[in-house]
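The structure under discussion appears below in the form of structure tokens.
2 protein chains.
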Amino acid sequence: MTDVVSTDPRTGRAVEVVAPETTPEQVAALCEAALAAAPALEEMGRERRAGLLDALADALEARREEVVALADRETALGAARLEGELTRTTYQLRLFGEVLREGSYLEATVDHAGQSPMGPRPDLRRMLVPIGPVAVFGASNFPLAFSVPGGDTASALAAGCPVLVKAHGSHPATSQLVFDVLAAAARDFGAPAGTLAVVHGQQAGADLVAHPAVRAVGFTGSVTGGKALLRIIESRPDPVPFFGELSSLNPVVVTPAAAAERGERIGREAVASFTLGAGQFCTKPGLVFVPGGQDGDAVVAAMTEAVRQAPAQVLLNEGIANSYGRTSGELAQLPGVSTLARGAQPEGGEGFTAVPLLLSADALDLPHEVTEECFGPVSTVVRYEDEKQLIAALEDFPSSLTATVQRGEGETELPATLARALRPLAGRVLFDAYPTGVAVSWAQHHGGPWPSTNSQHTSVGTSAIRRFLRPVTWQGAPAELLPAELTDGFTGIPRRVDGVLRTPEG
Amino acid sequence: MTDVVSTDPRTGRAVEVVAPETTPEQVAALCEAALAAAPALEEMGRERRAGLLDALADALEARREEVVALADRETALGAARLEGELTRTTYQLRLFGEVLREGSYLEATVDHAGQSPMGPRPDLRRMLVPIGPVAVFGASNFPLAFSVPGGDTASALAAGCPVLVKAHGSHPATSQLVFDVLAAAARDFGAPAGTLAVVHGQQAGADLVAHPAVRAVGFTGSVTGGKALLRIIESRPDPVPFFGELSSLNPVVVTPAAAAERGERIGREAVASFTLGAGQFCTKPGLVFVPGGQDGDAVVAAMTEAVRQAPAQVLLNEGIANSYGRTSGELAQLPGVSTLARGAQPEGGEGFTAVPLLLSADALDLPHEVTEECFGPVSTVVRYEDEKQLIAALEDFPSSLTATVQRGEGETELPATLARALRPLAGRVLFDAYPTGVAVSWAQHHGGPWPSTNSQHTSVGTSAIRRFLRPVTWQGAPAELLPAELTDGFTGIPRRVDGVLRTPEG
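One line per chain: the protein sequences are A and B, in this order. Residue 6 in numbering that gives the first Met the number 0 is what sits at position 7 of the first sequence, and the numbering runs on without skipping anything. Residue 305 in numbering that gives the first Met the number 0 is what sits at position 306 of the second sequence, and the numbering runs on without skipping anything.
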């Protein structure tokens, strides 16, 4: 039996054994328990599940210091960032409580029996129901917000689906601690046994995805990891939905007007964005398009200076550190790519450290390697001479979670052209902002065409719940057999009745 | 070059050459034209696209006689059924116009900049945008409603996506005629060239799915066919969404109370349902659970009698006829399966004919082969002794588009148990009705877990449009660069503003 070990990335040394890897028998038992919990979790109803999510948030908040300290020791992301991440995590748990209470997410729709141009129409009532137990893969780079207590877990529990989390090997101790906290809170709240489970080890993750009780998979990670899970799903007798957030380049375009107006500031901000969290954000700007000429030179000078002053950073694990060293080195050696600046070398030789790196290339001759995501604090400046070069470079560009335009004050013509070119490539289009730092809200979206995601519903924002629900229509059902939300008298949530959307107020 | 031939299933003889198979070069040119049409189709806006759908419906209606006659000659489904199908088809085109004008489908969401527990939140505005050109595979069994002018086409055009239809080999002439009618109407209306295309031949279908311009695929057909297309999608550098409606058994459960109350009527109705359209509905009831004892015997006697009096039927094509003959013969030979009745033998030896067939098996010993879909006029009666046997037989049952309960008047206890057991297996749960005949409406759903469908959004009902849209969030966008529906002053559609759903009225 292999043990799962928690490592300190600042030293590279193993600190503690967290648990043995979860065995296939244990995985199967957890999946069966999740399946058994599903009806009771659904029957708790919206109000009680909202209460459960609040209780989980409270429990996590009550252990804030301990969780943040352990997560920092395991990830080196820093206490300030992890404090913020915990706040975000409890916020999104509570926000899904709000989603439940508001009730639109059910898409409750009632068509009373009547005549239609097609002849008599039966009584039809549709709403969304939980899809069943969900396997969630914790992400390396967010030990809280995209891991055991993260958005996938929050949205799946909100939907009424038991959750089985595969803990990420970068922070198994944090995952186990947070699981223990949440599981105790769920038990105390009266949630059914089997509502939440955690497994450790890569094989345990694969076993989860293959288990018949698991009805959907949420994954944040690499294209390679995502494809491996997709292959397991394809070999199931009943392939289930897979929601993957995989890879993203996040281009930022600085217009000539923006460069003229605030080139130096943009340069500093862009470096702050791509080195944030040691460049380990899925929304890290991997390419920054900067105009030629003096104004663009000022952007590049500010970026160069900021990178030179940037300290060495600690990456999450050895694999990421090795990959960063190798890939960023390869990028720097590509024909047409030059190195503008390197950050400080690390002091001492230990730990999973990385030196920030700024590269440069020409829009006319962009090697395709620089359009592939490289995890870590590296970004490439792409110089363009005119709009034609810029738009041509964006053609055949891979899709991203985000695309950003830095524009001049009041400038609309080139930004409009860019928005048209960038929208097909991204799930979020930003203006005069940076893509790192994803607000959780009703209007947020964290997706985009392949390879950024493989699905239309994604893991951030309230619509994340949609992934773990499926529609059911009841035809001619007696009122006693309908969910409360579909009965005639029910007015507590927005519903569409005979084609007309009605809010509880209206 | 291979020609596509239109065959008369009543005689089995080729009648006319419709067109040559579409070449790879032609497919590529059509895909490029669709891609080029996409921005203009989106820019037409909701109101004009609704007008386009109305114009397509008008054009199809104007050629009703000719279309119905040709479709009947090619499919032998009968003029009455095809008249109804054309009415349904024009209705659903117009209904998607209504969906566009109403505007909820955009999921327009505005979060103004402000404070949140996570700190300052930027201005975020989200709505759905067209996914891009869509490949639609016409179904054998609905030459209109699930083919060139069908629900996939209507919902994709409504979404703002150009459509490329692969004509089904069972009705290529109807497909070509309807395409010509719709394409002329689209041109006259001012839709961009490339809005709609048709291709012929199996390789042309595969080429469509592989083409980079195609951004989603809608398919109604067999599991085998669906899996073949999925393999093509998986080998794309950018796998795209695949919406498949594949296979469905559609169990009907007759409770003891229902059998006691109206056993004879249920028997007649069940046979009418499974022989409708020669049993070539995806919602055909393939298994009918009937209680043991006298009341159940009455159901079975009525079914037996109705099948004995049923005429031979004409199937859509030679492949379906051969498969029906082989598979229904194999089912009848299974240990534990007995033959209750056969319909009339066909007069004369020509055409793709099928003899209706009623089989019987025991719930305690149900061979798994009878839980697989068999296209054509065959159904199996499954006798059960008690509730325990019934529920046990439904466990490990494959998922279906529909599941039906025939209950006694006012009966709720057993129906509630059955609803709990059947809901996980189906996308529509019916009471005291039959699953064939799918009403098109806001509350309709035509899906279910694999193998009935592989997706959460499906091809019938207004939510079908959701398949061909993807979310985009604009962050900090100047008003001039936002879609009209996301600007502050816009009140024409339901929107969620700062978390609150607002209808145009309220």
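Cβ coordinates follow ideal geometry from the N, Cα and C atoms, glycine included.
Item	Value
In chain order, each alpha helix (DSSP H) run of at least 4 residues that lies wholly inside the segment 145–197 of chain A	150–158, 171–188
Closer than 7 Å at the beta carbon, the chain B residues around E479 of chain A	T411
Proximity test, Cβ basis, 8 Å: D110 of chain B and chain A	yes
With 16 other Cβ atoms within 10 Å as the buried cut-off, status of A79 of chain A	exposed
A158 of chain B beta carbon less than 8 Å from that of L481 of chain B	no
Rounded distance between the beta-carbons of F351 of chain A and P142 of chain A, thought under 8 Å	Actually they do not touch by this definition, with Cβ atoms about 15 Å apart.
One or two residues paired with T379 of chain B in a DSSP bridge	B:L286, B:L358
Integer Cβ distance of L40 of chain A from P161 of chain A, believed to fall under 8 Å	6 Å
Straight-line gap, G29 of chain B to G193 of chain B (C-alpha atoms, nearest Å)	Inspection of the sequence shows that residue 29 of chain B is occupied by Leu rather than by Gly. About 7 Å.
For V251 of chain B and Q405 of chain B, the rounded distance between their alpha carbons	7 Å
Three or more C-beta pairs below 8 Å linking the segment 380–397 of chain B and the segment 438–457 of chain A	no
Identity of the residue in A:L365, A:A305, A:N316 nearest L333 of chain A by Cα	A:L365
Coarse secondary structure for D294 of chain B, derived from DSSP in three states	helix
Enclosing beta strand (DSSP E) for G217 of chain A [first to last residue]	215–219
Alpha-carbon spacing of S337 of chain B relative to A311 of chain B, whole angstroms	20 Å
Members of the segment 339–373 of chain A near chain B, C-beta cut-off 7 Å	none
Cβ pair N453 of chain B, P470 of chain A closer than 8 Å	no
DSSP-derived helix/strand/coil call for G77 of chain B	coil
Chain A contact for V135 of chain B (CB, 8 Å cutoff)	no
Coil, strand or helix - F489 of chain B by DSSP	coil
Beta carbon of C373 of chain A nearer than 8 Å to that of Y323 of chain A	yes
Counted within 10 angstroms of its Cβ, other Cβ atoms place E541 of chain A as buried (16 or more) or exposed	Look at the range of chain A in this structure, 0 to 505, and you will see that residue 541 of chain A is not part of it.
Those residues which DSSP pairs with V313 of chain A across a bridge	A:T352
Residues sharing a beta bridge with Q474 of chain B, DSSP	A:L429, B:L123
Cα-Cα separation between S451 of chain B and L400 of chain B, rounded to whole angstroms	6 Å
Interface flag, H210 of chain A vs chain B, CB-CB below 8 Å	no
Element boundaries [alpha helix (DSSP H), containing P414 of chain A]	412–421
Helix, strand or coil at P116 of chain B according to DSSP, with G and I counted as helix	coil
Nearest-angstrom Cα separation, counted from R494 of chain A out to G375 of chain B	39 Å
DSSP bridge partner residues for L500 of chain A (one or two, in chain order)	A:R495
Of the listed residues A:G342, A:E60, A:R267, A:L339, nearest to T88 of chain A (C-alpha basis)	A:E60
Cutoff 8 Å: R12 of chain A Cβ touching any chain B Cβ	no
Identity of the residues DSSP links to T108 of chain B by a beta bridge	B:R125, B:R495
S327 of chain B burial status per 10 Å Cβ neighbour count (16 or more: buried)	buried
Whole-Å CB distance - Y104 of chain B paired with V98 of chain B, under 8 Å assumed	5 Å
Member of A:F273, A:T370, A:V213, A:T490 whose CA lies at the smallest distance from the CA of M302 of chain A	A:F273
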